[in-house]
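Okay, structure first, notes after.
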Amino acid sequence: VLDQSIQADKIILPSSALRDEGTSYHYAPTSDEIAYDETLLLTMEEALNKSGIEHIRTKSWTTDAFYRETPDKVKRRLAAGAKVVDMEASAIMAWSQFRKSKVYQFFYTADYVDHHNRTWDARHEERTADAMTFFTIALTIAKELER
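Have a look at this one:
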């Protein structure tokens, strides 16, 4: 998570992703950002809302170079509107658009990438909810798709 105001265990729906990995460029034209299918986002939001599951929708920064999440890059990605960082969202968005497949992806907060003070962050998991909680959320979305 790039934005410290996002609480631990928050469900995050990626609305778009800043592309800083390699796979997405094999499935979608070159661009700095790729958008998630709005209809799929609305479907997930509806399922989560019906179940009373709090969530946010935000832009993500997808990178496969997690050792290069430098303070300067974090600041640039925050300035570009990203509030979270992940390793696969832009690739999944590009692949699903290329294959014309519906993919319903969501994240949950696990740790914070806050380099603003330029001190070493040993990184530890911030999540307090059991992983089964997030599996149950995935099932909630899947059940809504059956309707």
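So for the sequence shown, the numbering used here puts the first residue at 53; every next one is plus one.
From the three backbone atoms N, C-alpha and C, an ideal C-beta is built for every residue, glycine too.
This structure is a prediction, so every number in the text was calculated from the model and none was measured.
Rounded Cβ spacing between residue 64 and residue 164 (contact assumed at less than 8 Å): Going by Cβ atoms, the distance from residue 64 to residue 164 rounds to 13 Å, so no, they are not a contact pair.
Kindly identify the DSSP beta-bridge partner or partners of residue 88. Answer is none; residue 88 lacks a bridge partner.
Is the segment 94–104 in contact with the segment 114–132, if contact means three or more CB pairs nearer than 8 Å? The segment 94–104 is not in contact with the segment 114–132.
Would you mind reading off the limits of the alpha helix (DSSP H) that contains residue 129? Element bounds for residue 129: 123–131.
Could you check the C-alpha separation between residue 115 and residue 121 for me, to the nearest Å? One alpha carbon belongs to residue 115, the other to residue 121, and they sit about 8 Å apart.
Supposed contact pair residue 112 and residue 141 - C-beta distance, whole angstroms, cut 8 Å: The pair is a contact, with the Cβ atoms about 5 Å apart (cut-off 8 Å).
Taking C-beta to C-beta, are residue 85 and residue 69 nearer than 8 Å? Yes, these two residues count as a Cβ contact at 8 Å.
Under the assumption that residue 61 contacts residue 181 (Cβ atoms under 8 Å), give the Cβ distance between them as a whole number of angstroms. The Cβ separation is near 4 Å, so the contact holds.
DSSP on residue 199, reduced to helix/strand/coil? In this structure, residue 199 counts as coil in the three-state DSSP scheme.
Beta-carbon separation (whole angstroms), residue 149 vs residue 80, contact threshold 8 Å: At roughly 6 Å, the Cβ-Cβ gap stays under 8 Å, so residue 149 and residue 80 are in contact.
Let me know if residue 83 comes out buried or exposed under the rule of 16 or more other beta-carbons within 10 Å of its beta-carbon. Residue 83 comes out exposed.
In the DSSP output, what is residue 71 paired with across the bridge? DSSP, once it has assigned bridges, lists 114 as partnering residue 71.
What does the alpha-carbon distance come out to for the pair residue 96 and residue 136? Note on geometry: alpha-carbon atoms of residue 96 and residue 136 lie some 18 Å from one another.
Taking 8 Å as the threshold (C-beta atoms), are residue 54 and residue 146 in contact? No, the Cβ-Cβ distance between residue 146 and residue 54 is not below 8 Å.
Beta carbon of residue 144, beta carbon of residue 108: below 8 Å? Contact flag unset, no.
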